[in-house]
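Colleague: Got a structure here, written out as structure tokens. Questions coming.
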Amino acid sequence: MLLRTCTRQAPRMGLVPHPVHSARQLHSSSNLPKSSRLAWGLGTGAAVVGVAGMTIYADSNTAPPGSTTLGSLARSYLVYSLCSVSPLVNNSPSILNTCASIPGLRELSEAVVRHTFFAQFVGGDSLPDTLPLITSLRQQNTGTLLVYSVEADDATKGAQWEKNVQEIFASVNFAGDFEDTQVGGGKTWVAVKLTALIPSPDSLKRLSTFLLTSRPKSNVPYPGTPDSTDAAFFKQDPGRSSTELSGEDVVVLHKLYQNLRQICAQAKKRGVRVTVDAEHSWYQPGIDAFVTVLSREFNQPSVEGGSKVPSGQPVVYGTYQAYLRRTPMHLAHAMNDAKEHGYALGVKLVRGAYHGQEILYHKKRMAAAKPGEEVESNPAVWLHKHETDRCFDEAAELLIQHTAGSLASKDPRQPKLGLLFGTHNKQSCEHVLECMISSGLARQNEDGLAEVKPGVEDMVCFGQLYGMRDDLTSWIASVFKSKSPMAFKYLPYGALAEVMPYLSRRAIENQSVLSGDGGAATERRRAGELIRGDTCDDTLSLITDLRKQNKGTLLAYSVEVDEIRGGRADQWKKNVEEMIASVEFAADFEDTQKGPRKTWVAIKLSALIPSADSLKRMSEFLVKSRPKDDIPFPGTPGSFDMVVFRGAKEPLIESGLMEEDINSLRTLYEDLRILCKRAKERGIRLIFDAEHTWYQPGIDAFVLALSREFNKPSSGDQINEQPLVYATYQAYLRRTPAHLSRSIQDARDFGYLLGVKLVRGAYYDKETAEHHALSSTYPVWTEKAQTDACYNTCAKLLINELAKYRNHPGPQCVTRSGRETNLHTPSHTGIGILFGTHNALSCTYILESLVEAGLASRTPENKVVVKDGVEERLCFGQLYGMRDDLTDWMVQTVEAKSPIVLKYVPYGALADVMPYLARR
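The working numbering numbers the first residue of the sequence shown as 37 and each following residue consecutively.
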């Protein structure tokens, strides 16, 4: 019922039903991307895919790093496409080993893996490398589960395990140090994989065999469940051996036990929780034994001040795999053991990652069974997915009920639970949410959010793998109201050579679930769908459908020059021509439509110049040469900036600009003037995207010059009393309030209409990393709340300015003797606004502000009716394929004479787009 109770609420939490075509929908009905793209990607793309940035409507609480850039989307598409090539994936370990042994090929193969699978699934080579990412995740209300992803590789054995133990200990301290800087901390955890912490995983396998033969007979399916006799192993003389275990095995396993005790003791002291990963069933009895003895010791209630872990909460979490037949009984046994021994039980519930290998292992066991040896007729895992799904959901419901019961119970013997639901399945997440509300762990508040009871955020959370289901993570992060994150990303890290086994397993697992809901096929479709065709014509059916749904379009040709390999020398010229063509295409489409023209065109300046370095050097020149002021980096433009576009070159060259740069920049300026002139004639607005701060001063100067020329009111054009040129203002930049105020004043002084696209910003991790390396002050806000406050403050300012202009437009300038002259300086500015946001709370705030300002009214049915003409000056935008639920809610809630929401639709031939995607 919950999913049907809040259709009038802003869908920040995502409880309203998602449309079928949404990228957030679990069962997508969209077609697979074109096979030509896949063929091209497999043939030539792997070596050049990198992490690129594109300023879209990214919100700090809805878009994990990399998930909303076209570079990461193309990388995701390529990676998940490669997972469908069975011979390549199945033989990847041997292929990589062969390449690594051949000079030249080793470097090439490592480069390919680093820019594809490593970039997709791994957070960095070392702990410090992960800091910008986990900081950015926290900005998005998402915690981190750190894992040093050095796995057992059957082909290699040696002293690596000692380094791994030290690294786990270091990761605990790293997580503790990070959390000490956070408000509402405790949401950076550490994952441990036991087979990586001993010289040979065979010792753990032999321990498992020993325990299975030592335990009393049980009806729990293989691999059984821990028994009280398991703990005896850790108390026995390390020098003893048995038929199954050698003396060396016993020594190694006791050393592992002592190492884990030290790790857990430090984790408890620092307030860092430790999850012990599940592995193949032939290791699992031994892993279960370790988890049980560690839980009995370290999950006991702490003395006052003895731990930063919340009172009564576990430090150690075991992993329970729903695809194992034993799980219902195994989980019940674990809960009973926790009650008997008085400790809190930590449960990470997952479906399981080794299904195919488990089926094969069972077949081998059956074939190798000796006469009289008992081997279960069924494999350890359920045969069908729906059985695993049912097991997961029933276990989740049981755990939630017991968690609610433990909160309500006055019995001190009632065990407390700590739950981490590790799932990529949207339906399971919704089921857990429903259970939390029905059990009283959370309630649906007036904003439609699931507001958790105090303390529950320390007891229940969700997790997804880094590089997968970012849309689901974003939904979880936004669905709850809590004091700390409810969503986690499982973030592997480690040097490339050391994480190869992990990457091989990821590739094999993703291949096996390629056709499954929420698996690699969904990820591949999601990545591919966001590039909407090779040409303008390919987008026609889409923008036609969007208009039928009362939605406009912001077209974005996403191509630029290849700076890494040089690219085609004339690519930038082709891009300029394509911009003009997109203006003509948009106008031709609008000529067939009624009402205001709501197909606009987005422009990225770094794509329209032979080298983006020219734009960077221009920015450096402007920052150094502008009159000093107190506006934070990257400053704000002014009349001085115009010297780049006109006048003598010599003073510019003397100040550090190269003549080649000046020529390129002035050519770009003239190209843009031609583009703007044609756009104004055809009635198509132009949105200039923001980019990294090291390009932004130059971009600002171009936009200012074009706004002063083409945004002045005129007659005889299809755009009259409306801005043509829109600049992008990023709320995550510290400068934005002052920068926006300066822009408003400049529009008043020079008598033009100001076009504003307000976004949060899409490059947080890169900005912090760049300025951290330079030891300079971050240009971005460091807290998510600061960015949110900045966005809403700027939105309010813009709405008030629009209200002033609408109520008192007044003349701004007249033409006398061929020259424009101000009649007076008005106290308000003609303005056009595009609110680019995926944040429903911001959308709701903006709508309320419109009503307060008299620009809209609210009906008894809770509809927002904008006043005539306002829809031509104000609209909202989201990226196509993202937050379609929010887009639909806006369309249903707001009444206007033309579309109030635009979808940002990228397009371009993938072969041409790749240079843009490869740029860092």
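Note that the Cβ used here is the ideal one computed from N, Cα and C, for glycine as well. Predicted, not measured: the structure shown is a model, and the values here were computed from it.
What first and last residue would you give for the beta strand (DSSP E) that runs through Pro646?
Modeller: From DSSP, Pro646 is part of no beta strand (DSSP E); its letter is neither H nor E.
Colleague: Does the distance from the C-beta atom of Phe516 to that of Leu485 stay below 8 Å?
Modeller: Yes, they are a contact pair.
Colleague: Distance, Cα to Cα, Pro951 vs Ala945?
Modeller: Confidence at Pro951 is low in this model, with a pLDDT of 45, below 50, so its placement is unreliable and the value that follows should be read with caution. Approximately 11 Å, taken between the alpha carbons.
Colleague: Which residues share a DSSP beta bridge with Ala592?
Modeller: According to DSSP, which records beta bridges pairwise, Ala592 is partnered with Ala638, Pro942.
Colleague: Just to confirm the assignment, what range does the alpha helix (DSSP H) spanning Cys471 have?
Modeller: Here the alpha helix (DSSP H) through Cys471 covers 462 to 475.
Colleague: In whole angstroms, what separates the C-alpha of Val850 from that of Pro749?
Modeller: In this prediction, Val850 scores a pLDDT of 40, lower than 50, which makes its location untrustworthy; no coordinate-derived value is stated.
Colleague: Between the Cα of Gly975 and those of Thr813, Ile867, Gln202, spot the shortest distance and give me the residue it belongs to.
Modeller: As displayed, the chain neither begins before 37 nor continues past 956, which places residue 975 out of reach and without an answer.
Colleague: Does the distance from the CB of Ile698 to the CB of Leu688 come in under 8 Å?
Modeller: Cβ atoms of Ile698 and Leu688: closer than 8 Å.
Colleague: Are the region 476 to 490 and the region 827 to 840 touching, with three or more C-beta to C-beta distances below 8 Å?
Modeller: Judged by Cβ distances under 8 Å, the region 476 to 490 makes no contact with the region 827 to 840, as fewer than three pairs qualify.
Colleague: Taking the continuous beta strand (DSSP E) assigned at Glu487, which residues delimit it?
Modeller: That run of the beta strand (DSSP E) goes 486 to 488.
Colleague: Helix, strand or coil, according to DSSP, for Pro670 in the structure here?
Modeller: Looking at Pro670 - three-state DSSP - the assignment turns out to be coil, as it is neither helix nor strand.
Colleague: By alpha-carbon positions, which one of Ile645, Gly382, Lys253, Ser282 ends up nearest to Ser236?
Modeller: Taking only the C-alpha atoms, the option nearest Ser236 is Ser282.
Colleague: Quick one: Cα of Ala767 to Cα of Tyr731, how far?
Modeller: Rounded to the nearest angstrom, the two C-alpha atoms are 17 Å apart.
Colleague: So if DSSP puts Phe724 in a beta bridge, which residue, or which two residues, is it bridged to?
Modeller: Its beta-bridge partners are Ile639, Ala763.
Colleague: Quick check: the region 714 to 733 against the region 635 to 652, are there 3 or more CB pairs under 8 Å?
Modeller: The region 714 to 733 vs the region 635 to 652: in contact.
Colleague: Does the region 171 to 180 come close enough to the region 521 to 541 to have 3 or more Cβ pairs within less than 8 Å?
Modeller: Flag = yes, the region 171 to 180 and the region 521 to 541 touch.
Colleague: Looking at the secondary structure, which residues open and close the alpha helix (DSSP H) in which Ala889 lies?
Modeller: Premise fails: Ala889 is in no alpha helix (DSSP H) and is neither H nor E.
Colleague: Taking DSSP as the reference, what is the three-state secondary structure of Trp817?
Modeller: Here Trp817 sits in coil by DSSP.
Colleague: Taking only the alpha-carbon atoms, compute the straight-line gap between Ile299 and Val208 and give it to the nearest angstrom.
Modeller: Looking at the two C-alpha atoms, the distance is approximately 8 Å.
Colleague: With DSSP run on the structure shown, which of helix, strand or coil describes Tyr952?
Modeller: Caution applies to Tyr952, whose pLDDT of 41 falls short of 50 and renders its modelled position unreliable; the value that the coordinates give is listed next. Tyr952 falls in the helix class under three-state DSSP.
Colleague: Just to confirm, are Tyr353 and His366 a CB contact at a threshold of 8 Å?
Modeller: Cβ atoms of Tyr353 and His366: not closer than 8 Å.
Colleague: Is the Cβ-Cβ distance between Val186 and Glu534 less than 8 Å?
Modeller: Cβ distance < 8 Å, so Val186 and Glu534 count as in contact.
Colleague: Quick one: Cα of Leu144 to Cα of Met536, how far?
Modeller: Computed Cα separation, rounded: 15 Å.
Colleague: When DSSP labels each residue in this structure, what does Ser103 get in the three-state scheme?
Modeller: At Ser103 the pLDDT is 40, less than 50, meaning the model places this residue with poor confidence and gives no usable figure here.
Colleague: Less than 8 Å between the C-beta atoms of Thr439 and Val386, yes or no?
Modeller: In this structure, Val386 does not lie closer than 8 Å to Thr439 by Cβ.
Colleague: Who pairs with Lys525 in a beta bridge, going by DSSP?
Modeller: Lys525 is bridged to Thr180, Gln500.
Colleague: Could you tell me which of Glu620, Phe621, Ser594, Val619 sits nearest to Trp608, measuring between CA atoms?
Modeller: If we check each option's Cα against that of Trp608, Ser594 comes out closest.
Colleague: Could you tell me the distance, in whole angstroms, from the CA atom of Leu1031 to the CA atom of Asp666?
Modeller: Missing from the structure shown is residue 1031; the chain here goes from 37 to 956 and no further.
Colleague: Taking one C-beta from the region 787 to 806 and one from the region 659 to 675 each time, how about it: are there three or more such pairs within less than 8 Å?
Modeller: No contact exists between the region 787 to 806 and the region 659 to 675.
Colleague: In terms of residues, what are the limits of the beta strand (DSSP E) holding Cys572?
Modeller: Cys572 -> no beta strand (DSSP E), and no H or E assigned at all.
Colleague: Would the region 238 to 256 count as touching the region 332 to 348 if we require 3 or more Cβ pairs under 8 Å?
Modeller: Cβ pair count under 8 Å is below three, so no.
Colleague: For Phe621, write down the residues that DSSP places opposite it in a beta bridge.
Modeller: According to DSSP, which records beta bridges pairwise, Phe621 is partnered with nothing at all.
Colleague: Excluding five sequence neighbours on each side, which residues of the same chain lie with their C-beta closer than 8 Å to the C-beta of Cys911?
Modeller: Excluding residues within five positions, the ones whose Cβ falls inside 8 Å are Gly588, Lys634, Ile869, Leu870, Phe871, Pro935, Ile936, Val937, Leu938.
Colleague: Should Thr80 go down as buried or exposed, given a rule of 16 or more other Cβ atoms within 10 Å for buried?
Modeller: Unreliable placement is indicated for Thr80, whose pLDDT of 30 sits below 50; the coordinate value is still reported in the next sentence. Thr80 should be labelled exposed.
Colleague: Does the beta carbon of Glu931 come closer than 8 Å to any beta carbon on chain D?
Modeller: No chain D appears in this structure, which consists of one protein chain only.
Colleague: Only counting the same chain, and skipping five residues up and downstream in sequence, which positions put a Cβ closer than 7 Å to that of Glu146?
Modeller: Closer than 7 Å at Cβ, skipping near neighbours: Leu532.
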